[in-house]
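Engineer: Can you keep this structure in mind? I'll have questions shortly.
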Amino acid sequence: MFLNRRLMSPELLYYKALGKRTELNFEEKRNLYNIEKGFEGECLYDQVFDETGHDSVYVLRDLYLKTGKSVTQFDSIIISDERVAVNEIENYSGDYHFENNSWFRNGRQLKDNAHNQLSRAKGKIIQLRDESKMKFYVDGAVIFMGDDFRLTTESEHVWSETVMRNQLRNYFRKFRDERLGGSAKDIVHLVKSAIAENPYFEEAADLGRIKRGLYCGECESFELIKKRFQFKCSACGTVESNETHLLRTMSDHKYLFYKQPITKQSILRLIDNQISEDGVYRFLKKHCHSEGNGRKTTYTFKYYDWLETIAEIRENQRYKDKIQ
Numbered sequence: 001m002f003l004n005r006r007l008m009s010p011e012l013l014y015y016k017a018l019g020k021r022t023e024l025n026f027e028e029k030r031n032l033y034n035i036e037k038g039f040e041g042e043c044l045y046d047q048v049f050d051e052t053g054h055d056s057v058y059v060l061r062d063l064y065l066k067t068g069k070s071v072t073q074f075d076s077i078i079i080s081d082e083r084v085a086v087n088e089i090e091n092y093s094g095d096y097h098f099e100n101n102s103w104f105r106n107g108r109q110l111k112d113n114a115h116n117q118l119s120r121a122k123g124k125i126i127q128l129r130d131e132s133k134m135k136f137y138v139d140g141a142v143i144f145m146g147d148d149f150r151l152t153t154e155s156e157h158v159w160s161e162t163v164m165r166n167q168l169r170n171y172f173r174k175f176r177d178e179r180l181g182g183s184a185k186d187i188v189h190l191v192k193s194a195i196a197e198n199p200y201f202e203e204a205a206d207l208g209r210i211k212r213g214l215y216c217g218e219c220e221s222f223e224l225i226k227k228r229f230q231f232k233c234s235a236c237g238t239v240e241s242n243e244t245h246l247l248r249t250m251s252d253h254k255y256l257f258y259k260q261p262i263t264k265q266s267i268l269r270l271i272d273n274q275i276s277e278d279g280v281y282r283f284l285k286k287h288c289h290s291e292g293n294g295r296k297t298t299y300t301f302k303y304y305d306w307l308e309t310i311a312e313i314r315e316n317q318r319y320k321d322k323i324q
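Each residue of the sequence shown is one higher than the one before, starting from 1 at the first, in UniProt numbering.
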């Protein structure tokens, strides 16, 4: 059973928010494409696992674990009483070749090696196991989700740790005979005790580069008509409340300026003062944790991103959103 949700990474949310407020350069577009494609592969993996069934195992997804002085990302960790399986999920497309411990595409050697990443990830779980003096077996596989991914290699080791898209359901079915008991719960607790924040995301937007103001949640136009408690998009006719717009702005701020606190003034600057100071303050108090007093007050968005709460907000809104 899935024990946590798979969420868009801070990097993906950063590039999405940035792309709504400025033209992305070539490198940014490439990063957004690769991260988004990877996330789509992970979501497809989850969908196939859901359809096949995972009642006989615990599954932890999209974690960073700290072991020793290093932090390692894990796409999926499958846990039972006697076993932990690490899955490295890739969403490649095209023709790839593996030889002499290196990956090649179109004859060009690649810097990334998914099987080396899997080996490191398994090693970290083994380290956790040995330090805790627990007993369980650690294995894993690189899962290639792309339908048009093709691999050639003479390495039996690589094939032994490779699962292609058309093999995935059979791979998941092998977990049906696993058992869940106290040992599995102890392993889950062990893994959760090592969870760490993503230490590698350090992007921050240049405020002078991005477009300030509110934008339509449907068509992303900044051409809005202000009403008393709502804004109407002049491009598509969508009507959204001040609260909806500010939730989206708080989420944008969180990822555009990831390690910087939210302040009332920073939100007012980002929205170009399109909502009153009192209105901004009211919704900051409602949707953020606050620290400090007066002008030194800083805020932390309560939610992972705005999509986490908008469905609930829309059900109870006094001033309803009208999506076109």
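The C-beta atom is built at its ideal place from N, Cα and C for all residues, glycine as well.
1) According to DSSP, is E312 helix, strand or coil?
2) Which whole-angstrom value is the C-beta distance of V169 and S56, which I expect to be below 8 Å?
3) Straight-line CA distance for Q109 to N116?
4) Under the DSSP definition of a beta bridge, which residues are partnered with T300?
5) Please confirm whether L24 and A196 have their CB atoms less than 9 Å apart.
6) With a threshold of 16 other CB atoms inside 10 Å of the CB of N172, please say whether the residue is buried or exposed.
7) From I266 to E28, what does the alpha carbon distance come to, in whole angstroms?
8) Assuming E240 is part of the alpha helix (DSSP H), what are its boundary residues?
9) What does DSSP give as the partner residue(s) for I126 in the beta ladder?
10) At the level of alpha carbons, what is the spacing between Y303 and V191?
11) Measuring alpha carbon to alpha carbon, tell me which residue in L128, F2 and Y96 is nearest Y58.
12) Quick check on D272: does DSSP put it in helix, strand or coil?
13) Work out the CA separation of F257 and N34 for me, nearest whole Å.
14) Have a look at R212 and F231 and give me their C-alpha separation to the nearest angstrom.
15) Quick one, which of L247, K37 and L63 has its alpha-carbon nearest H287's?
16) Considering only C-alpha positions, which residue in the set E240, S221, D252 and E291 is nearest to E203?
17) Evaluate M250 with the Cβ neighbour count: other Cβ atoms within 10 Å of its Cβ, from every protein chain shown; 16 or more gives buried, anything less gives exposed.
18) Pick out the complete beta strand (DSSP E) segments inside the region 201-227, 3 residues or longer, and give them in chain order.
19) How would you label H245, buried or exposed, when you count the other beta carbons within 10 angstroms and need 16 or more for buried?
20) Is F301 near P10, with beta carbons less than 9 Å apart?
21) Report yes if the CB atom of V48 is closer than 9 Å to the CB atom of A85, and no otherwise.
22) Within a Cβ cutoff of 8 Å, which residues of the same chain sit near D46, ignoring the five residues on either side of it in sequence?
23) Assign F74 to buried or exposed, taking buried as 16 or more other Cβ atoms, counted over all protein chains shown, within 10 Å of its Cβ.
24) Please look up how many angstroms separate the CB atoms of T162 and F136, rounded, as I've assumed it's under 8 Å.
25) Taking the C-alpha atoms as reference points, what is the distance between Q317 and H189?
26) Would you call K124 buried or exposed, if buried means 16 or more other Cβ atoms sit within 10 Å of its Cβ?
27) Looking at the structure shown, is R295 part of a helix, part of a strand, or coil, going by DSSP?
Structural biologist: Per the coordinate set shown:
1) Under the three-state reduction of DSSP, E312 is assigned to helix.
2) Per the sequence shown, the amino acid found at residue 169 is Arg instead of Val. The C-beta separation of R169 from S56 comes to about 15 Å, leaving the pair out of contact by the 8 Å criterion.
3) Those two C-alpha atoms are separated by around 15 Å.
4) H289
5) The beta carbons of L24 and A196 sit no closer together than 9 Å.
6) Note that residue 172 corresponds to Phe in the displayed sequence, not to Asn. With 16 or more Cβ atoms within 10 Å of its Cβ, F172 is classed as buried.
7) The question names Ile, yet the displayed sequence has Ser at residue 266. If you take the alpha carbons of S266 and E28, they lie about 24 Å apart.
8) Counting along the chain, E240 falls outside any alpha helix (DSSP H), though it belongs to the beta strand (DSSP E) covering V239 to S241.
9) The partner list for I126 (beta bridge, DSSP) is empty, contrary to what the question assumes.
10) Those two C-alpha atoms are separated by around 24 Å.
11) F2
12) coil
13) 21 Å
14) 16 Å
15) L247
16) The shortest C-alpha separation from E203 is found at D252.
17) buried
18) 224-226
19) When all chains shown are included, H245 counts as buried.
20) no
21) no
22) F2, R6 and R61
23) Within a 10 Å sphere around the beta-carbon of F74 sit 16 or more other beta-carbons, which makes this residue buried.
24) Here T162 is actually not in contact with F136; their C-beta atoms are around 23 Å apart, not less than 8 Å.
25) Straight-line Cα distance between these residues: approximately 39 Å.
26) buried
27) helix
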